[in-house]
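Student:
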Amino acid sequence: MVSIDDALKIIKDQSIELKVENRSLNECLGYSISKDILAPFDMPSFDNSAMDGYAVCGIATEYRIVGEIAAGDKSEIKLKRGEAVRIFTGAKVPENTTAVMMQEKTKVEGDKLVLDEKPKEGQCIRRKGEELEKDRLVFKKGYTITPAGIGLIGGLGFAEIEVFMKPVINLITTGNELIEPGKPKKESQIYESNSYALASACEHFGYKCQAKKQIEDNFEAIKSGIEKSLEKTDVLILSGGISVGAYDFVKQALEENGVEEQFYKVFQKPGKPLYFGRKGNKFVFALPGNPASSLSCFYIYVLPFLQKLSGSVKLGLERYSFPLAHDFENKTKRPAFLKAKIQNAQVEVLDGQSSSMIRSMALGNALAFLDAETAVKKGDLIECFLIS
Ligand code: AMP
Ligand code: MG
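Just add 2 to wherever you are in the sequence shown, counting from 1, and you've got the working numbering.
Right under this line is the structure:
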């Protein structure tokens with residue numbers, strides 16, 4: 003049995019090989035950039051107007067309008083003192099522009115421009131290079147691309163960008179009692195829901211689970227299922243059959259497939275019987291079958307590993323401390339990830355903390371961490387891992 007910190011360290015310290023690929027702007031969301039990116043030019047690349055209005059030369063309240071410049075126009079106008087041009091947002095300001103006055107603060111009488119107030123030097127002008135100078139670092143290697151990141155990459159003129167590839171993920175659920183949702187169920191059966199929860203947790207964080215399989219509690223079937231899955235996957239996630247019951251065959255089946263244990267069992271609640279192993283460059287997480295345990299283990303352990311395998315420098319869920327909304331005691335002897343809800347800047351530990359109970363997780367938005375046998379008071383700061 004290892005501690006939570008040791009388990010996380012073992013995961014983070016795995017030596018891995020990252021592969022790169024070029025991806026188009028349309029298809030790089032959530033991928034991590036494989037090398038530092040420098041600005042290829044000043045951004046903006048020319049002084050331009052921040053407003054629809056008038057570019058003026060000199061500080062005054064009256065000017066003579068000498069022309070018009072729209073966004074995209076290649077104008078040769080050079081302003082002289084006392085002159086103004088009608089200008090639109092994004093248009094290149096003419097030479098000798100002192101300031102741009104927004105349209106709402108102007109009046110036009112023939113070719114005369116009258117301002118409500120004197121302009122301030124430089125106002126409403128977006129200066130060349132003010133957002134980014136040429137050759138400045140834009141993205142550090144390992145930055146995970148967000149929608150705004152895509153906007154910036156596109157704004158810098160890149161149609162595609164080199165990123166780290168994401169891992170191929172396969173999922174195997176085990177259990178004789180499991181039946182697919184939608185089918186009629188016998189009393190002794192339960193609906194197989196972990197694969198759906200885990201695949202969508204992958205998706206939620208930008209990963210795709212390429213294939214999934216349900217296998218009964220049969221040693222040979224599990225062994226050959228693992229063998230086949232390992233052929234075409236970087237990360238195999240199993241659910242169920244990893245505890246100490248007479249029908250828990252996953253650990254032995256992994257061993258017989260040559261998977262080397264990195265750790266087995268973590269001193270935590272839920273998710274004690276968590277297993278992590280590797281075979282060459284292929285990795286295996288065997289998660290306990292209880293729905294809340296398997297998802298909690300995904301969030302805390304599988305997710306940072308998937309992020310590491312995709313070259314991201316950001317590993318794991320976002321963490322923040324929030325004051326507790328009520329007194330609470332973790333009576334168990336193990337540190338706990340508690341299903342919790344953050345709202346109104348406080349965190350509430352929800353009812354239904356059993357490993358089998360997923361409802362509290364579905365209604366909550368965080369896992370609140372509390373050490374073993376610890377009592378905390380309303381208002382105490384608790385570390386929370388944000389799951390949504
Ligand atoms: P196990 O880890 O196989 O001992 O399973 C622990 C508990 O989780 C049992 O009550 C199982 O019925 C339940 N369980 C296991 N796998 C799944 C699954 N894929 N979906 C929903 N519940 C599951
Ligand atoms: Mg089972």
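For each residue, glycine too, the CB sits at the ideal point set by N, CA and C. Every value quoted in this text rests on a predicted model; they were computed, and no experiment measured them.
Buried or exposed, going by whether 16 or more other CB atoms sit within 10 Å of the CB of ILE61?
Tutor: Exposed, because fewer than 16 other Cβ atoms sit within 10 Å of the Cβ of ILE61.
Student: From the DSSP output, in three-state form, read off TYR33 for me.
Tutor: Note: TYR33 maps to coil in three-state DSSP.
Student: Does the distance from the C-beta atom of PHE269 to that of MET3 stay below 7 Å?
Tutor: Yes. Within cutoff.
Student: In whole angstroms, what is the alpha-carbon distance linking GLY124 and ILE155?
Tutor: If you take the alpha carbons of GLY124 and ILE155, they lie about 28 Å apart.
Student: Is DSSP giving TYR266 helix, strand or coil here?
Tutor: Strand at TYR266.
Student: Between the C-alpha atoms of LEU40 and ILE79, what's the straight-line distance to the nearest angstrom?
Tutor: The alpha-carbon atoms of LEU40 and ILE79 are separated by roughly 33 Å.
Student: For the candidate residues CYS30, CYS386, ASN172 and GLU106, whose alpha-carbon lies nearest to that of ALA161?
Tutor: Closest by alpha carbon: CYS30.
Student: Enumerate in chain order the residues of its own chain whose CB-to-CB distance from PHE330 is below 7 Å, with the five nearest sequence positions on each side excluded.
Tutor: The answer, listed in chain order, is VAL351 and VAL378.
Student: For GLU258 and ASP137, what's the separation of their Cα atoms in angstroms?
Tutor: Using only the alpha carbons, I get a separation of about 53 Å.
Student: CB GLU320 to CB LEU388, shorter than 7 Å?
Tutor: In this structure, LEU388 lies closer than 7 Å to GLU320 by Cβ.
Student: Under the rule that 16 or more other beta-carbon atoms within 10 Å means buried, what is VAL252, buried or exposed?
Tutor: Per the 10 Å Cβ criterion, buried.
Student: Can you give the Cα-Cα distance for ALA288 and LEU240, rounded to whole angstroms?
Tutor: Taking the straight line from one Cα to the other gives about 4 Å.
Student: Please go through the stretch 259-318 and give each complete alpha helix (DSSP H) segment of 4 or more residues, from N-terminal end onward.
Tutor: The stretch 259-318 contains these whole alpha helix (DSSP H) runs: 293-299 and 305-311.
Student: Considering only DSSP beta bridges, list what LEU232 is partnered with.
Tutor: Answer by DSSP bridge pairing: none, since LEU232 is not bridged.
Student: How long is the line joining the alpha carbons of GLU205 and LEU115, rounded to whole angstroms?
Tutor: So the two alpha carbons sit approximately 57 Å from each other.
Student: Is it right to say LEU88 is buried, meaning 16 or more other beta carbons lie within 10 angstroms of its own, or is it exposed?
Tutor: The question names Leu, but residue 88 in the sequence shown is Arg. That one is buried.
Student: Which ranges would you report for the alpha helix (DSSP H) in the stretch 111-172 if only whole runs of at least 4 residues count?
Tutor: Qualifying alpha helix (DSSP H) stretches, in chain order: 149-157.
Student: Taking the CB atoms as reference points, tell me whether ALA52 and ARG129 lie closer together than 7 Å.
Tutor: Their beta carbons are not under 7 Å apart, which means ALA52 does not touch ARG129 by this criterion.
Student: For ILE176, does the count of other Cβ atoms within 10 angstroms reach 16, so buried, or fall short, so exposed?
Tutor: Reading off the sequence shown, one finds Thr at residue 176, where the question assumed Ile. Looking at its Cβ environment, which holds 16 or more other Cβ atoms inside 10 Å, THR176 is buried.
Student: Does the count of Cβ pairs from the stretch 101-121 and the stretch 58-74 closer than 8 Å reach three?
Tutor: As far as the Cβ criterion goes, the stretch 101-121 touches the stretch 58-74, which means the pair count is three or higher.
Student: Give the secondary structure of LYS21 by DSSP, where H, G and I count as helix, E and B as strand, and everything else as coil.
Tutor: Looking at LYS21 - three-state DSSP - the assignment turns out to be coil, as it is neither helix nor strand.
Student: Just mark VAL140 as buried or exposed, buried being the case when its beta carbon has 16 or more other beta carbons within 10 Å.
Tutor: Buried, by the Cβ-count rule.
Student: What span of residues does the beta strand (DSSP E) with ALA88 cover, start to end?
Tutor: Correcting the residue identity first, residue 88 is Arg in this sequence and not Ala. Residues 85-89.
Student: Leaving out the 5 sequence neighbours to the left and right, which residues in its chain are closer than 7 Å to LEU305 when beta-carbon positions are compared?
Tutor: Contacts found: PHE207, GLY318 and LEU319.
Student: Let me know the secondary structure DSSP gives LYS343 once reduced to three states.
Tutor: Correct three-state label for LYS343: strand.
Student: Does the ligand MG have even one heavy atom less than 6 Å from the beta-carbon of PHE227?
Tutor: Reading off the sequence, residue 227 comes out as Gly, not Phe. No, since every heavy atom of the ligand MG falls outside the 6 Å radius drawn around the Cβ of GLY227.
Student: Under the assumption that LEU369 contacts SER298 (Cβ atoms under 8 Å), give the Cβ distance between them as a whole number of angstroms.
Tutor: That pair is a contact at about 6 Å.
Student: By the DSSP assignment, the alpha helix (DSSP H) with MET363 in it spans what residues?
Tutor: Its alpha helix (DSSP H) spans residues 361-365.
Student: Are the CB atoms of SER226 and LYS214 nearer to each other than 7 Å?
Tutor: No, these two residues do not count as a Cβ contact at 7 Å.
Student: For the ligand AMP, is there a heavy atom less than 6 Å away from the beta-carbon of ILE192?
Tutor: Checking the Cβ of ILE192 against the ligand AMP gives yes.
Student: According to DSSP, is TYR253 part of a helix, a strand, or is it coil?
Tutor: In the sequence as presented, Tyr is not what sits at residue 253; that position holds Lys. Three-state result, LYS253: helix.
Student: For ASN332, which of helix, strand or coil comes out of DSSP?
Tutor: Note: ASN332 maps to strand in three-state DSSP.
Student: By alpha-carbon positions, which one of ALA93, ARG280 and PRO325 ends up nearest to LEU383?
Tutor: Cα-wise, what sits closest to LEU383 is PRO325.
Student: Is the beta carbon of LEU180 closer than 7 Å to that of GLU194?
Tutor: It is a contact, given that the beta carbons lie within the stated cut-off.
Student: Where does GLU194 fall in DSSP's three states?
Tutor: Residue state, collapsed to three classes: coil.
Student: Could you say which of TYR56, VAL95 and LYS333 lies nearest to LYS109 if we only look at CA atoms?
Tutor: It is TYR56.
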